[in-house]
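In this note's numbering, the protein residues as written are 84 to 261.
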């Protein structure tokens with residue numbers, strides 16, 4: 084690993100470990116769906132959103148700024164889920180989930196990088212949007228297909244987004260090592 088990779092390691096660990104924990108948290112939620120188990124689904128997702136945003140800031144704007152904001156963003160992610168859990172108010176969680184998705188396209192446009200990973204990062208965002216469409220159209224998709232629900236397609240599509248991010252990261256650091 085090069086020095087830059089080591090400096091950003093926590094962001095990547097939170098992203099990929101959080102992605103794995105989403106699978107466990109979601110599985111736990113689906114075994115017994117209620118707000119008590121939904122916490123374990125939403126918590127790793129909030130962490131993944133913040134880690135993804137931090138990596139984008141590090142790569143496109145400033146590594147130093149990203150390292151400075153990473154831990155406060157992680158704390159915000161934790162607070163957003165705890166606040167929802169104890170108050171029933173989703174506003175902070177909605178900010179944790181959607182603000183990065185709104186800011187990342189602006190960052191990609193305003194701060195292009197020479198790494199060539201932009202198409203993969205746009206793909207991550209695109210599959211996130213498609214996953215949200217599947218989530219909102221859950222019942223309609225199941226009614227139309229009678230085999231698979233929108234919720235199931237959401238999970239598959241979200242996993243594809245993680246894969247695109249992995250490809251972007253592998254390509255970025257393969258280029259740096261040369």
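Even glycine gets a Cβ: it sits at the ideal position worked out from N, Cα and C.
Hey, how far is the Cα of residue i from the Cα of residue j?
i: residue 169; j: residue 113; result: 21 Å
i: residue 155; j: residue 179; result: 12 Å
i: residue 194; j: residue 255; result: 16 Å
i: residue 219; j: residue 233; result: 8 Å
i: residue 183; j: residue 226; result: 32 Å
i: residue 269; j: residue 211; result: No answer is possible for residue 269: the residues shown for the chain start at 84 and end at 261.
i: residue 171; j: residue 228; result: 33 Å
i: residue 261; j: residue 160; result: Confidence is the limiting factor: at residue 261 the pLDDT is only 43, short of 50, which leaves the residue's position unreliable and the question unanswerable from this model.
i: residue 109; j: residue 120; result: 8 Å
i: residue 247; j: residue 224; result: 25 Å
i: residue 202; j: residue 122; result: 32 Å
i: residue 148; j: residue 217; result: 34 Å
i: residue 97; j: residue 231; result: 30 Å
i: residue 158; j: residue 199; result: 31 Å
i: residue 250; j: residue 99; result: 12 Å
Quick one: give me the first and last residue of the alpha helix (DSSP H) that residue i is part of.
i: residue 130; result: 118-143
i: residue 91; result: That residue, residue 91, is in no alpha helix (DSSP H); it is neither H nor E in DSSP.
How about residue i: is its C-beta nearer than 9 Å to some C-beta of chain B?
i: residue 161; result: Protein chains in the displayed structure number just one, and chain B is not present.
Contained alpha helix (DSSP H) runs [length at least 4] in the stretch 157-207, N- to C-terminal order: 174-193
Between the stretch 192-211 and the stretch 158-165, do at least 3 Cβ pairs fall closer than 8 Å? no
Touching or not, the stretch 135-150 and the stretch 108-122, by the rule of three or more beta carbon pairs under 8 Å? no
Please give the ranges of any alpha helix (DSSP H) in the stretch 210-249, keeping only runs that are unbroken, at least 4 residues long and fully inside the region. 221-228
Just checking, does the stretch 185-194 make contact with the stretch 142-155 on the three C-beta pairs under 8 Å criterion? yes
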